[in-house]
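In what follows, a structure is listed as structure tokens, so that the remarks can point back to it.
In UniProt numbering, the protein residues as written are 1 to 250.
This is the structure in structure tokens:
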């Protein structure tokens with residue numbers, strides 16, 4: 001027999017010392033690792049990075065100013081890169097993120113971290129449902145400032161109401177969040193990236209049109225604290241809320 005015999009326990013020791021990522025592109029994955037494709041991982045990570053930030057970052061820059069907002073984005077990128085590099089380079093024998101957390105924080109710490117991750121996911125999905133409801137259909141008694149896409153197209157019907165829209169959105173999202181493997185969401189992640197690109201192109205077109213029309217204004221580089229002081233010295237909140245949708249008169 002030409003087959004060589006390996007000492008007992010040699011394979012388990014090698015598996016424990018294997019890094020989470022191979023050092024070279026041709027290296028084999030650790031034993032027990034997943035079979036997710038690189039392209040699927042790129043789509044999923046890109047979707048997580050872009051997310052709703054493609055709509056919230058412009059609003060944050062408008063409030064904070066371009067310079068502080070850009071500094072915060074750069075700082076978050078540096079911290080994320082350092083944390084990911086630390087986890088991938090200095091963790092051994094962890095083929096998944098859950099195993100990595102258990103190796104770093106122990107069983108109790110990993111369980112507590114899982115609770116935090118679940119709470120963050122529930123909060124994120126709740127925010128997404130609120131955004132879907134605000135965009136697609138306005139709540140009853142919400143005013144006429146924005147009727148919602150469905151009500152603007154088809155009028156006020158029972159199936160264009162906010163409750164029906166939220167139930168339909170939850171029914172569509174439920175099968176996606178119940179998937180056992182994140183890699184199975186690579187197709188929906190690719191669609192979301194495509195829609196993000198479409199949204200970016202539409203926003204860019206609106207900005208270019210405003211530039212040619214001369215209606216675009218120079219963005220503020222620093223935050224405007226005078227607006228905070230003016231709001232704090234304004235009328236009581238109840239009166240202020242009633243005047244939010246009224247046109248300003250000079």
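Glycine is no exception: its CB is placed at the ideal position from the N, C-alpha and C atoms.
So with Cβ pairs under 7 Å, would you call residue i a contact of chain B?
i           : result
residue 127 : Among the protein chains of the structure shown there is no chain B, as only one such chain exists.
So residue i is in the alpha helix (DSSP H); what residue range does that whole segment cover?
i           : result
residue 218 : Per DSSP, residue 218 belongs to no alpha helix (DSSP H) and is neither H nor E.
residue 186 : 186-213
residue 47  : 38-50
residue 147 : Taken as a continuous stretch (DSSP letters only), residue 147 belongs to no alpha helix (DSSP H), as it is neither H nor E.
residue 125 : 97-136
residue 161 : Careful: residue 161 lies outside any alpha helix (DSSP H) and carries neither H nor E.
residue 62  : 53-64
Tell me the rounded alpha-carbon separation between residue i and residue j.
i           : j           : result
residue 51  : residue 158 : 30 Å
residue 153 : residue 74  : 41 Å
residue 113 : residue 43  : 25 Å
residue 205 : residue 198 : 11 Å
residue 39  : residue 46  : 10 Å
residue 170 : residue 122 : 12 Å
residue 201 : residue 66  : 21 Å
residue 177 : residue 119 : 14 Å
residue 105 : residue 37  : 28 Å
residue 71  : residue 184 : 35 Å
residue 175 : residue 89  : 34 Å
residue 225 : residue 84  : 36 Å
residue 203 : residue 217 : 15 Å
residue 131 : residue 107 : 36 Å
residue 115 : residue 172 : 24 Å
Can you list, in chain order, the residues of its chain whose CB lies under 6 Å from that of residue i, leaving out five sequence neighbours each side?
i           : result
residue 189 : 43, 44 and 47
residue 98  : none
For residue i versus residue j, is the C-beta spacing smaller than 7 Å?
i           : j           : result
residue 148 : residue 138 : yes
residue 54  : residue 196 : yes
residue 60  : residue 69  : yes
residue 136 : residue 125 : no
residue 91  : residue 79  : no
residue 223 : residue 64  : yes
For residue i, I'd like the list of residues in its chain whose CB is within less than 7 Å of its CB, leaving aside the five on either flank, ordered along the chain.
i           : result
residue 133 : 162, 165 and 166
residue 102 : 110
residue 252 : One cannot answer for residue 252 here, as it falls past the ends of the chain, which runs 1 to 250.
Might you give, ordered along the chain, the residues of its own chain that have their beta carbon closer than 8 Å to the beta carbon of residue i, omitting 5 neighbours on each side?
i           : result
residue 179 : 185
residue 221 : 65, 66 and 67
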